[in-house]
Amino acid sequence: MKTAQAERAQRTSRLEHRLGRVLTWLVLIGAVLSGLLATGIGAVTLVGQLLTDRFVVTLFADAPLPSAASTGTAQIHGGNFDTAEVTVTGLSALPRFLLTLEGSTALATALLVSATVFYFCWSVLRRRPFNRPVFWLVALVGYALLLGTVLGQGLGGLGRMIAAGELNGDAPDGFWPLATLVDLAPAGTGLVLLVAAAAISLGQRLQRETDGLV
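Sequential numbering from 62 applies to the sequence shown in the numbering used here.
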């Protein structure tokens, strides 16, 4: 009876190990493909904007819905557009620089995330998930997300505000409000990764102590 239970436990353990390796390989391949895709799309977008002088920006707007929005049996009693995605040409050098800097920061962060996931999965496959480079990569991504959100989106938001002002021209109360929105969710993810980096550092210390006892 005990022998049969032990054999079932061993089979279950082997199955879980194989399934874990398959899932780890899938995540590793996904990280590589995601990094390559993000690099390609980001680079093409940045270069295309600079070469064609066409910047796609999302600006705040405060415009009522057109009458065509309610032509059926249902009726709209209120509503408006609060944002609009526009393609802008003829911007001055400063907003072009700020928007390009925001895109470059997002691209670098995406590459760091993909590289970190790839290296961590590779370390797991080698059964060394708590080696030193993993700690530095996770910490670097955490700081990149935290600082990149504040600096990258902040500078990009300033660029969009300048773009809105240039679209308004000399009008005292133009169509585009001089405001922007910063998404702080990546900064929260960065804080979580910094906590994870601290946990990895603790795991590395425990691993060294365990290796010293063997």
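Here a beta-carbon is modelled for each residue, glycine too, at the ideal position from N, C-alpha and C.
Under 8 angstroms between C-beta atoms of residue i and residue j
i	j	result
residue 171	residue 258	no
residue 226	residue 239	yes
residue 168	residue 248	no
residue 176	residue 96	yes
residue 254	residue 202	yes
residue 121	residue 197	no
residue 113	residue 164	no
residue 117	residue 148	yes
residue 256	residue 178	no
residue 260	residue 182	no
residue 137	residue 129	no
Per DSSP, the bridge partner or partners of residue i
i	result
residue 124	142
residue 148	117
C-beta neighbour in chain D for residue i, strict 8 angstroms
i	result
residue 89	Considering every chain present, this structure includes no chain D. It has just one protein chain.
CA-to-CA distance, residue j to residue i, given in whole angstroms
i	j	result
residue 212	residue 241	14 angstroms
residue 159	residue 140	32 angstroms
residue 235	residue 206	34 angstroms
residue 119	residue 180	35 angstroms
residue 135	residue 126	15 angstroms
residue 230	residue 144	19 angstroms
residue 101	residue 132	42 angstroms
Residue i versus the options, residue with shortest Cα-Cα distance
i	options	result
residue 243	253, 222, 256	222
residue 115	129, 178, 224	224
residue 104	228, 218, 162, 197	162
residue 208	71, 136, 166, 118	166
residue 204	101, 251, 263, 130	251
residue 142	132, 123, 261	123
residue 152	263, 262, 111	111
residue 219	155, 183, 267, 228	155
residue 246	129, 210, 85, 130	210
residue 228	85, 90, 150, 84	150
Enclosing alpha helix (DSSP H) for residue i [first to last residue]
i	result
residue 183	154-186
residue 223	215-229
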